[in-house]
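See below for the structure under consideration.
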C-alpha cells in the first residue's frame, strides 16, 4: 500500500477506498431473468398496456363497435367529455365516494380490528361474520340491497311494523339520501377487508412493546394510540391507496342497484357508469373508449401522486431494510 506525505506537516493521507469491481451479468443469468419475468411482462403488456393503447386509438373515432373505425373526429370526444355536465357530476360523485370511504370505513375498520385483536370468546366467528360481506359477489349484494331498500322493501316494512313509519324513505331515489345509502352499502361490504388487513398488520407489531407500556402504567387505549396505530401506519396507507383506486373505478354496485337511469338523478352516478351509459348503451364505443382513457389518466395521476408523497417512505424503507 502506498501513502502520500503532506507538505504542511508530514501527515499521512490514506489512499482512496477501493471500489468493488462490477461483475457483468452472464448469459445464463440473463436467460434466467427473461424466463422468470418474461411471462409476467407479456401478460401485463397484453392485458393492460395494449388495451389502454387501443382505447386511446378508438377514442379518436366515432365508432359503432365493429369493423375498422373510419370516422375520425380527433379530440372531439375528449372535448365533449370535458364540457358535459353529466361527466362533471359523475366525477364529483367519485370524489365524494373517495373521501367518505376513507372517513367512514377507516375508523370503523380500525376500531373493529383493535377490539378483535384482543382475546375474547367467539373471536374467530366474529371475524368470519365481518369478512363474509366482502366475499359475496357484487351482483348478489346489489340485488339484495336493491330489494331491501326499495319503497315497499323490507327496510321500510320493519320501520312501519315497529311504529316508526314516519322514518320510511325512498332510500334509493331520493337525491339527499342516495349517496348515504350507497356509502352504507359500501361500508357494509368492504369494511371486512380492511379489518382483516389491519389485523394482519397488528400481528407484525412486537407484543413486547405493549407489555412494556402496560408495565409502565399505560392504559389499553394509550397503548393503541401511541404504539399500535403509529406502527400500523404502513398498513393503513396501503389500505387507503386500495380504497382510493376502488372508489375511482366504482361501477358494479351502482349500476346494479340504481341502473343507468336512476343513478344520475339520484346523485350516485360515477365515471364508470357514465362510460357504460354514454358509450356501450348509446352504441358510441369511440366515445366510451375516450371516457375510459380519461378515467385511466385520472386514476394514474392520483396513484402516482399518492405514491410520491405518501407511500414513498414505506417503499424506501422496504428497499433499504428500514435503515
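Residue numbers (full-length UniProt numbering): 1 to 323.
Think of the CB as a built atom: it goes at the ideal place given N, C-alpha and C, for glycine as much as any other residue.
Just so you know, these numbers come straight off a predicted model, no measurement behind them.
Between the C-alpha atoms of residue 28 and residue 45 there is a straight-line separation of about 25 Å. Here DSSP, grouped into helix, strand and coil, assigns residue 61 to strand. Residue 131 carries a helical assignment under DSSP once its states are collapsed to helix, strand and coil. With fewer than 16 other Cβ atoms from the protein chains shown falling within 10 Å of its own Cβ, residue 92 counts as exposed. Judged by DSSP in its simplified three-state form, residue 251 adopts coil rather than helix or strand. Secondary structure within the stretch 204-259: not one fully enclosed beta strand (DSSP E) run of 3 or more consecutive residues is present. Between residue 275 and residue 250, the gap from beta carbon to beta carbon reaches 8 Å or more.
Your pair residue 134 and residue 217 does not check out as a contact, with CB atoms roughly 39 Å apart and the cut at 8 Å. Within the same chain, Cβ atoms closer than 6 Å to the Cβ of residue 255 are found at 273, the five residues on either side in sequence being excluded.
Of the candidates 182, 311, 286, 311 places its Cα closest to the Cα of residue 241. Pairing residue 181 with residue 171 gives a Cβ-Cβ distance under 8 Å. Around the beta-carbon of residue 224, 16 or more other beta-carbon atoms lie within 10 Å, marking it buried. For residue 271, the enclosing alpha helix (DSSP H) begins and ends at 271-275.
Less than 8 Å divides the Cβ of residue 123 from the Cβ of residue 116.
Annotation for residue 173: no alpha helix (DSSP H) segment contains it, and DSSP assigns it neither H nor E.
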